[in-house]
Structure formats: C-alpha cells, structure tokens
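Novice: The structure's right below; bear with me while I get my questions together.
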Amino acid sequence: MEQLIFFITAAVVAATPLLFGTLGEILTEKSGNLNLGVEGMMFMGAAVGLSASFLYEQAVGAGASGFLSAVLAVVFGFLAGVLGGLIYSVLTVTLRANQVVSGLALTIMGVGMGNFIGELLGLRAGGFASVSDVTRSAFSGARIPGLSGMPVIGRLLFSFDFMVYMVIAAAVLMIWFLNKSRMGLHLRAVGEDPATADADGINVTRYKYLATCIGGGICGLGGVYISMVRSSGTWIHNCVGGLGWISVALVICAAWSPARAILGALLFGGLSVLRFYLPIQDVPAQVYNIIPFLATVLILIFTSVRQSKERHQPASCGVNYFREER
Amino acid sequence: MKKAITLLLALAMIFALAACDANAPGSAAEVTRENLKVGMVHISELGDQGFTFNHDQGARKMIADLGLSMDQYIPKFNVSPADITATKAAIVELIDAGCQIIFATSFGYNVAMTESAREFPNIIFCHATGFDAHSAGLSNLHNYFAKIHQARYLAGIAAGLKTENNRLGYVAAHPFSEVISGYTAFYLGALSVNPDVTMDVIYINSWGDARLEREAAEALIARGVDVLSQHSDGIAPALAAQDAGIWHVGYNNDMSTVAPDASLLSPRIDWGVYMTFAVQSLLDGNPLPVDWGTGIETGAAFLSPLNTAVAAPGTQEAIDKAFQEILDGKMIFSGALVDNDGNPAQITNFAGDVIFTFTDENSYFVESDVYSAPSFNAILKGINIIS
Numbered sequence: 000m001e002q003l004i005f006f007i008t009a010a011v012v013a014a015t016p017l018l019f020g021t022l023g024e025i026l027t028e029k030s031g032n033l034n035l036g037v038e039g040m041m042f043m044g045a046a047v048g049l050s051a052s053f054l055y056e057q058a059v060g061a062g063a064s065g066f067l068s069a070v071l072a073v074v075f076g077f078l079a080g081v082l083g084g085l086i087y088s089v090l091t092v093t094l095r096a097n098q099v100v101s102g103l104a105l106t107i108m109g110v111g112m113g114n115f116i117g118e119l120l121g122l123r124a125g126g127f128a129s130v131s132d133v134t135r136s137a138f139s140g141a142r143i144p145g146l147s148g149m150p151v152i153g154r155l156l157f158s159f160d161f162m163v164y165m166v167i168a169a170a171v172l173m174i175w176f177l178n179k180s181r182m183g184l185h186l187r188a189v190g191e192d193p194a195t196a197d198a199d200g201i202n203v204t205r206y207k208y209l210a211t212c213i214g215g216g217i218c219g220l221g222g223v224y225i226s227m228v229r230s231s232g233t234w235i236h237n238c239v240g241g242l243g244w245i246s247v248a249l250v251i252c253a254a255w256s257p258a259r260a261i262l263g264a265l266l267f268g269g270l271s272v273l274r275f276y277l278p279i280q281d282v283p284a285q286v287y288n289i290i291p292f293l294a295t296v297l298i299l300i301f302t303s304v305r306q307s308k309e310r311h312q313p314a315s316c317g318v319n320y321f322r323e324e325r
Numbered sequence: 000m001k002k003a004i005t006l007l008l009a010l011a012m013i014f015a016l017a018a019c020d021a022n023a024p025g026s027a028a029e030v031t032r033e034n035l036k037v038g039m040v041h042i043s044e045l046g047d048q049g050f051t052f053n054h055d056q057g058a059r060k061m062i063a064d065l066g067l068s069m070d071q072y073i074p075k076f077n078v079s080p081a082d083i084t085a086t087k088a089a090i091v092e093l094i095d096a097g098c099q100i101i102f103a104t105s106f107g108y109n110v111a112m113t114e115s116a117r118e119f120p121n122i123i124f125c126h127a128t129g130f131d132a133h134s135a136g137l138s139n140l141h142n143y144f145a146k147i148h149q150a151r152y153l154a155g156i157a158a159g160l161k162t163e164n165n166r167l168g169y170v171a172a173h174p175f176s177e178v179i180s181g182y183t184a185f186y187l188g189a190l191s192v193n194p195d196v197t198m199d200v201i202y203i204n205s206w207g208d209a210r211l212e213r214e215a216a217e218a219l220i221a222r223g224v225d226v227l228s229q230h231s232d233g234i235a236p237a238l239a240a241q242d243a244g245i246w247h248v249g250y251n252n253d254m255s256t257v258a259p260d261a262s263l264l265s266p267r268i269d270w271g272v273y274m275t276f277a278v279q280s281l282l283d284g285n286p287l288p289v290d291w292g293t294g295i296e297t298g299a300a301f302l303s304p305l306n307t308a309v310a311a312p313g314t315q316e317a318i319d320k321a322f323q324e325i326l327d328g329k330m331i332f333s334g335a336l337v338d339n340d341g342n343p344a345q346i347t348n349f350a351g352d353v354i355f356t357f358t359d360e361n362s363y364f365v366e367s368d369v370y371s372a373p374s375f376n377a378i379l380k381g382i383n384i385i386s
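These protein sequence lines are chains A and B, in that order.
If you count the first sequence from 1, position 297 lands on 296 in numbering that gives the first Met the number 0, and the numbers rise without skipping.
If you count the second sequence from 1, position 173 lands on 172 in numbering that gives the first Met the number 0, and the numbers rise without skipping.
Set out below in structure tokens:
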C-alpha cells in the first residue's frame, strides 16, 4: 500500500513534463502544423528557464525571492518555447518550408542550444550551474495546511509542486478551449481544412502562428519542469533526454485530445517508473520500456480500423497552406 | 574510350589509396617529445561533469606532468560506442592527425579498438574498462582500469557509519561485473563498520540518463534507504538525496557542491596516472603491460575530500585505518562470503563457468588480476536487487 502511494506520486511527477509536451504539440497540430521540434523546444525552455532563475539570483544576491525566481523561470522558459514555435511558424507558414524538416531542424538546434546555454552557465559558476535553496523550495512539493497532512488523500492530491497543478489546469483549459470556445472551433477548422476556414473569413495565418507559438511555449514549460523540478534547478547534461519525442508519440496515443493526453501521460509516466516500485520477478526492464509504444501502435491500428472522425490527426497536418492554390 | 579512361582513373585511385596506407602516419618515424600526438575517443562531452570530464582531466594532467603542450592532445567527443563504423572513423582521423597513441574511454569501443589495433600495428591502442587485450594477442592493444573497488570500499565505511536505519541504496548502471564489483565493495566497506547494514540496488540499464537516475534514486528513497550511492555518470542521485534530506556517496566527481547537505564523499578515478605512465613508456621506448590496474597505492583510485560537516564522527579515522590495511595487502573480497540463499558465493566468467568459490574464512579473490576490468560478480547476502 505504502509502495503503491509512492508509485502513484512518482507516476504523476514522471507524467508532468510529458503532459506539457503533449498539450503543446496537440495545440500546434490542431492548427495543421506538425512541429517535430518538441524535444528542441523543451531543451530551450529548460536551459532558458534555469538561466533566468540563476542570473536573477546572481544579480540580486542573498535577498533573492524564491517566488520571483520561480516566476521568472516559468515566464522565460515559456518564452523560449514561444521563440522555438515562432521560428517554426516563420519557416513553415510564411516561407512554406517543409514541416517535417523544419521540425527536425528545430530539435537539433534546440538540443544544442539548451546544452550550450546550460553548460556555459556551468562554466561561469565553475562546475555546476545550480540555483539556491530559496528557488529549489519554491519548486518543491506543496505544504498546504490541513490538506497536505491528510493521510493518503493528502499525499495523492495535495503534495505536488505547483507545476503539476499548472499542467492539469492547462489541460482542462484546453479541453474547454478546443471544444466549447469559438476560437477553439476556428482553430480546429484551420487544422482540418484551411481553405474552407479561409473562405469563412478566419485568418488562417494568425491562427497558425498563435497556436504554434503558444504550443511551443507549453512545450517549453515541460523543459522548465525538467530543469527546475526534476534536476533540482541544476543543469544536467542532456537532461531532457528524449522526453520530447515520447510526447510526440503521446499525441498520437491520445488521439489529439487533451483529456486523453492526461491519461496517456499518466500511462507513459507510470510505466517508466513501474519497475522501480512494483518489480515483477524475471520480467526484464526492456519489456516495461516497450509497453507504452506498443500501446501507441495498438491505438493507431484500432483508430484506423474504426475510421473514427473524432480521433484522427487534423486533416491538413503536415501540409502547408497556399491560398493561391485553392 | 571513356570507359578505358574511367578504368584507368579508378585504378590510379586504388593505387593512390594503397600508397597512402604504406606511408601511413606513425608507421616509421620515431616518437619524440616534439612530434608526439595523443588521441582520445570520448563517449560524451565535458559538460557531463562526470565520466568524460574526469577522463579529460586525466589527459590534461598527463600533458602537464610530461611538460607537453595542449595541441598534442587531440580529443574526439560524443563518439557512440554503439556505432563501430563511427568509432573506427574517429580512430582513423586521429591517426591521420598524427597520433601515435590512442586512448578510448568506454567499454563499448572494444570491437573497434581491437580491429583498429590489428589494422595499424604501429599505433599504440589503450582501452579503458575493456577486457579484450588479454585474449587478442596483439602487442599494441592494452587495457587499463583503476582498482576503484578499493575506493568504493573506503567510501562504504563512511556510509556504514552514517546510516541511522542501516539501509543503503545504490543506483547501478548495468548488471555486469564492473558494476557488481563496485557495489559489493561499497557494501562490504559499510558492513565492516556496521554488521547490520543491508543494501537495495536498482539497475537503470544505462551508464548515464538523468531521468532514470533520478527516478531510481527516488524509488530507493521511497523504500526507506537513508544513504544513497551510485554507479552512474550523473549528479541526479546526489540531487535527489539532497532534496529528500538523506545522505549520498557519489562517483566520478566531487558532488558536495551540488548536494552540500547530502554528499559525504565520492570514490574517484584519476585516469591521469595511467595516461602519464603509458605516454612516458612510449617516449622511453618501453613496452606497456597488456592489462594495467592499480588502486589507492598509486592514487589511480582515490577519494574526494570527506564532507566533515555531514559525516559521522570518526569517519576519517576509520577510512585512514582501512586505507592502511589495503596498502598492507588486505583483500576486499575475502572471507566466507555467502549469497542470498546462504550458499558460498561464486564468481563466474563470461561463459557462466564458476571460476572462484568463497569456501571458508581464508578465501580471497584478487580483483583485477586476470583482466584490469573487474571480474567479481557474485550477489552477496544483504544485497537486494529490486529491479
């Protein structure tokens, strides 16, 4: 029982960066942009978010506020992701470059840039770039009086760092946005058939830009989570380590639905830590590593057999929109 | 006509290539202090602040010790051991750049190193952590390692004295002898000062992965361990220990700067000891041993300074005492060691045959005797493999 609670909390923590990446990519793909740069944007968010905190602490010195430092990390990490999304949008929406190639290039650039910035900070700090305890505690688990102390429930619901609640709020907001708001429906129209949306008077370019940039920002927050929470505000070489790619797989697994993304991220995150908490004798680690991707393949087969209209990739995804070719 | 010219050109190219090979750099010219070039194949890059950083430090120390200049050291970073072609290409580039001696840092370079050594008999190849030189029969292929198990044993003493609930945890890389030898030595060190201690081990199946190291460390903490150690390249376990308010013994690098309240000390390898020895031997024209492995007596294995603000009182004295005992010939893997079923512990070779059994109090196994790479691979009583 005790191990089960530990397992569930570890699964939630492992799922959080994945969910950020997945939500960001869902928003991006809903506009018809297949941005494979999630890994790169996460790296940029991780390094820039950490840099913001680190440089703020250096500038202020002993009187640094943990709250402000955390806000700076989140804002700048988000902005770094927005920058990644912006580069991608300029390339694909304005210059109409190939989407897949642009996304891969963004990943390569982002990984290099993230490690470069992180390690440059490390050199400046003479070893490791690490934030101080005030910032670390701002990113540590919540201590809500009266709630966090409750047995079981307190630990399962009220013991997490603030970014876990942030990602859940983002998911709920996106469910509402994509299904209930006019702008969300417009965005989906752009992703399904930009020509029709254009004829209807929807500004296709603006929707694509906004969705891709904000989506990139959300991916960047996943990076902030990795560097500030999972690495305790210290730059670790290659800290994102492929989570961005798993997020891209999760978008497919979640069938482009933010609600399913929550479940998918929990599944992927849970399976990544399952063997540490509930080991089964004689089942090799590799089997645990395969299951999430096996699930993705099965879901792909299942949805394509059912031909469901709801659970498909937005129809124009991967194809740039040329108004003159209508 | 065109075909004939093409054929001629092709033939000319082949001869040109063959001619290149005959005049391959380093084949005839004598190695001098001036024309010496040292090549090195690294698995990662300096930013890892761990394994590769440590190796690079060794090379820099060798350069300084021998009074060479930095442009005589040619490193190749991020060479994937999984890609034999890329590894061999890196080695050829180093040879083309004039290197007469090439060091490779990771276990996985074994095939590329052996094949290159066969191909370039005039170049000296030194492969850390490998074990192929023993059987390859090539005079220019050498393996080296440090007896890190000695330093891990000493670090285990610090852990054994510090633990309050007698439960240690260990984030381990891969389930094979190099790692098993390391954590067993750590455990035996703790056991030597604390007979009630037990240890939980989780394998992450990677030499270094920030996410897995963190997750495995947290799982061990959730199981209730209060001193954590690691055989993985990164600092993530140290950070997890710091955040959880428990203690930590590192590896590769002094981790007390990132985990000041958790880090007790780190067993480390000074690769510079071997590199200086090997390059000096090359300059002097002396042959290198096929396998080289020394420990705390040469400083090839050593401990980072003890974090006295955190360590239990008397730790330094206990470590110093054991240090002297090892210098005096004490074997780490000795005595009537038993496995989890209570049977005498057995060491097996790669084929799975038993090569040693700890039958009684007087048994001892000389680690790093056959190969410089560790061979001890018995799982002892008190060590629980979680996953």
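Cβ atoms here follow ideal geometry from the backbone N, Cα and C, with glycine treated the same way.
#1: Does the Cβ of Lys179/A have 16 or more other Cβ atoms within 10 Å, making it buried, or fewer, making it exposed?
#2: DSSP state of Asp246/B, grouped into three classes?
#3: Under 6 Å Cβ to Cβ from Glu191/A, same chain only, skipping five residues before and after it: list those, please.
#4: By DSSP, does Ala248/A sit in helix, in strand, or in coil?
#5: Tell me which residues share the same chain as Gly38/B and place their Cβ nearer than 6 Å to its Cβ, disregarding the 5 neighbours each side in the sequence.
#6: Judging by CA-CA distance, which residue of Ser158/A, Leu220/A and Ile4/A is the nearest neighbour of Gly243/A?
#7: Measure the alpha-carbon distance for Leu153/B versus Ala79/A and round it to whole angstroms.
#8: Strictly below 7 Å CB to CB, what residues from chain A border Ser228/B?
#9: With a threshold of 16 other CB atoms inside 10 Å of the CB of Ala413/A, please say whether the residue is buried or exposed.
#10: Pick helix, strand or coil for Trp175/A, following the three-state DSSP scheme.
#11: Can you list, in chain order, the residues of its chain with a C-beta nearer than 6 Å to that of Ile261/A? Leave out the 5 residues immediately preceding and following it.
#12: Going by the beta-carbon positions, is the gap between Val130/A and Ser52/A smaller than 8 Å?
#13: What does a CB cutoff of less than 6 Å around Ala96/A pick up in its chain, not counting 5 residues either side in sequence?
#14: Using a Cβ cut-off of 7 Å, pull out every chain A residue sitting near Leu238/B, in sequence order please.
#15: Contact defined as beta carbons within less than 8 Å: I believe Gly46/B pairs with His236/A. What is the distance between those atoms, to the nearest angstrom?
#16: Answer yes or no: does any C-beta atom of chain B fall closer than 8 Å to that of Tyr224/A?
#17: Rounding to the nearest angstrom, what Cα-Cα distance links Ser42/B and Ser79/B in this structure?
#18: For Gly269/A, tell me which candidate among Ile4/A, Met0/A, Leu3/A and Ala13/A has the shortest Cα-Cα distance.
#19: If you measure from the beta carbon of Ala299/B to each beta carbon in chain A, is any gap under 8 Å?
#20: Please confirm whether Asn113/A and Phe42/A have their CB atoms less than 8 Å apart.
#21: Could you please tell me which residues of the segment 46 to 61 of chain B, in chain order, have their CB closer than 7 Å to any CB of chain A?
#22: Return no unless some Cβ of chain A is closer than 8 Å to the Cβ of Asn193/B.
#23: How would you call Arg205/A, buried or exposed, if buried means at least 16 neighbouring beta carbons within 10 angstroms?
#24: Tell me the DSSP secondary structure of Gln345/B in three-state form.
#25: Counting only beta-carbon atoms, is Asp20/B nearer than 8 Å to chain A?
#26: Which residue marks the beginning of the beta strand (DSSP E) containing Tyr169/B, and which one marks its end?
#27: Does the Cβ of Glu296/B have 16 or more other Cβ atoms within 10 Å, making it buried, or fewer, making it exposed?
#28: Which full runs of the alpha helix (DSSP H) of 4+ residues lie inside the segment 245 to 289 of chain B, going along the chain?
#29: Between Ser173/A and Leu22/A, is the Cβ-Cβ spacing less than 8 Å?
#30: Could you give the C-beta distance for Ala335/B and Phe357/B, rounded to a whole number, given that I count them as a contact under 8 Å?
#31: If I'm right that Val196/B touches Ala189/B with Cβ under 8 Å, what's the distance once you round it to whole angstroms?
#32: Taking a Cβ distance cut-off of 8 Å, strictly less, list which residues of the segment 259 to 291 of chain A are near chain B, in chain order.
#33: Considering only C-alpha positions, which residue in the set Ala264/A, Glu324/A and Val318/A is nearest to Phe29/A?
#34: Using a C-beta to C-beta distance shorter than 9 Å, which residues of chain B count as neighbours of Gly240/A?
#35: Going by DSSP, which residues form a beta bridge with Ile73/B?
#36: What's the C-alpha gap between Glu323/A and Ala188/A?
Specialist: Checking against the coordinates, here is how it stands:
#1: In the first sequence, residue 179/A corresponds to position 180, counting from 1. Lys179/A comes out exposed.
#2: Translated into the one-based positions of the second sequence, residue 246/B becomes position 247. Before going on, a small fix: residue 246/B reads as Trp here, not Asp. Of the three classes helix, strand and coil, the one that applies to Trp246/B here is strand, per DSSP.
#3: Looking up residue 191/A in the first sequence gives position 192. Excluding sequence neighbours, Glu191/A sits near Pro313 and Ala314.
#4: What you label residue 248/A is simply residue 249 of the first sequence in a count that begins at 1. In the structure shown, Ala248/A sits in a helix (DSSP, three-state: H, G or I).
#5: Numbered from 1 along the second sequence, position 39 holds the residue referred to as residue 38/B. The residues are Ile73, Leu93, Cys98 and Ile101.
#6: Locating residue 243/A in the first sequence gives position 244, where the first residue counts as 1. Ranking the options by Cα distance to Gly243/A, first place goes to Leu220/A.
#7: For the purposes of this step, residue 153/B is taken as residue 154 along the second sequence, with counting starting at 1. For the purposes of this step, residue 79/A is taken as residue 80 along the first sequence, with counting starting at 1. Distance between the alpha carbons of Leu153/B and Ala79/A is about 45 Å.
#8: As a position in the second sequence, residue 228/B is number 229, starting the count at 1. Simply none; closest approach about 16 Å.
#9: An answer regarding residue 413/A cannot be provided, because it is not within the stretch 0 to 325 covered by chain A.
#10: Counted from its first residue, the first sequence places residue 175/A at position 176. Correct three-state label for Trp175/A: helix.
#11: Your numbering for residue 261/A matches position 262 in the first sequence. Ala170, listed in sequence order.
#12: On the first sequence, position 131 is the one that residue 130/A refers to. On the first sequence, position 53 is the one that residue 52/A refers to. In contact: Val130/A and Ser52/A (Cβ atoms closer than 8 Å).
#13: Taking the first sequence and counting its residues from 1, one reaches residue 96/A at position 97. Correct list, in chain order: Leu90.
#14: Counting from one through the second sequence, the residue named residue 238/B turns up at place 239. By Cβ distance, chain A contributes Ser230, Ser231 and Thr233.
#15: Sequence index remark: in the second sequence, residue 46/B carries index 47 (1-based). Sequence index remark: in the first sequence, residue 236/A carries index 237 (1-based). About 5 Å separates the two Cβ atoms, so the contact holds.
#16: Here residue 224/A refers to the residue found at position 225 of the first sequence. No, Tyr224/A does not count as interfacial toward chain B.
#17: As a position in the second sequence, residue 42/B is number 43, starting the count at 1. As a position in the second sequence, residue 79/B is number 80, starting the count at 1. The amino acid at residue 42/B is misidentified as Ser; the sequence shows Ile. Computed Cα separation, rounded: 6 Å.
#18: Here residue 269/A is taken as the residue at index 270 of the first sequence, counted from 1. Among Ile4/A, Met0/A, Leu3/A and Ala13/A, the Cα nearest to that of Gly269/A belongs to Ala13/A.
#19: Counting from one through the second sequence, the residue named residue 299/B turns up at place 300. No, Ala299/B does not count as interfacial toward chain A.
#20: Translated into positions along the first sequence, residue 113/A becomes position 114. Translated into positions along the first sequence, residue 42/A becomes position 43. Reading the sequence as shown, one finds Gly at residue 113/A and not Asn. Yes, the Cβ-Cβ distance between Gly113/A and Phe42/A is below 8 Å.
#21: Gly46, Asp47 and Gln48
#22: By one-based count along the second sequence, residue 193/B stands at place 194. So, not an interface residue.
#23: Here the question's residue 205/A lines up with position 206 in the first sequence. By the 10 Å Cβ count, Arg205/A comes out exposed.
#24: By 1-based counting over the second sequence, the position of residue 345/B is 346. Three-state DSSP puts Gln345/B in a strand.
#25: By one-based count along the second sequence, residue 20/B stands at place 21. A caution first: Asp20/B carries a pLDDT of 48, below 50, which makes its placement in the model unreliable, though a value can still be read off. By this cut-off, Asp20/B is not an interface position.
#26: Along the second sequence, one-based indexing puts residue 169/B at 170. Where Tyr169/B is concerned, the enclosing beta strand (DSSP E) stretches over Arg166 to Ala171.
#27: Locating residue 296/B in the second sequence gives position 297, where the first residue counts as 1. Exposed.
#28: 271 to 283
#29: Taking the first residue of the first sequence as position 1, residue 173/A is located at position 174. Taking the first residue of the first sequence as position 1, residue 22/A is located at position 23. Note that residue 173/A is Met in the sequence shown here, rather than Ser. Yes; because the gap between Cβ atoms is below 8 Å, this pair is in contact.
#30: For this step, residue 335/B is matched to residue 336 along the second sequence. For this step, residue 357/B is matched to residue 358 along the second sequence. Yes, Ala335/B and Phe357/B are in contact; Cβ-Cβ is about 6 Å, under 8 Å.
#31: Walking along the second sequence from the start, residue 196/B turns up at place 197. Walking along the second sequence from the start, residue 189/B turns up at place 190. Confirmed, about 5 Å.
#32: Ser271, Val272, Arg274, Phe275, Tyr276, Pro278, Ala284 and Gln285
#33: As a working note, residue 29/A is residue 30 in the first sequence. First, the amino acid is wrong: residue 29/A is Lys here, not Phe. Among Ala264/A, Glu324/A and Val318/A, the Cα nearest to that of Lys29/A is on Val318/A.
#34: Here residue 240/A refers to the residue found at position 241 when the first sequence is read from its first residue. Near Gly240/A (Cβ distances below 9 Å), the residues of chain B are Asp208, Ala209, Arg210 and Leu211.
#35: The residue you call residue 73/B lines up with position 74 of the second sequence. Gly38/B, per the DSSP bridge assignment.
#36: Sequence index remark: in the first sequence, residue 323/A carries index 324 (1-based). Sequence index remark: in the first sequence, residue 188/A carries index 189 (1-based). Roughly 19 Å between the two C-alpha positions.
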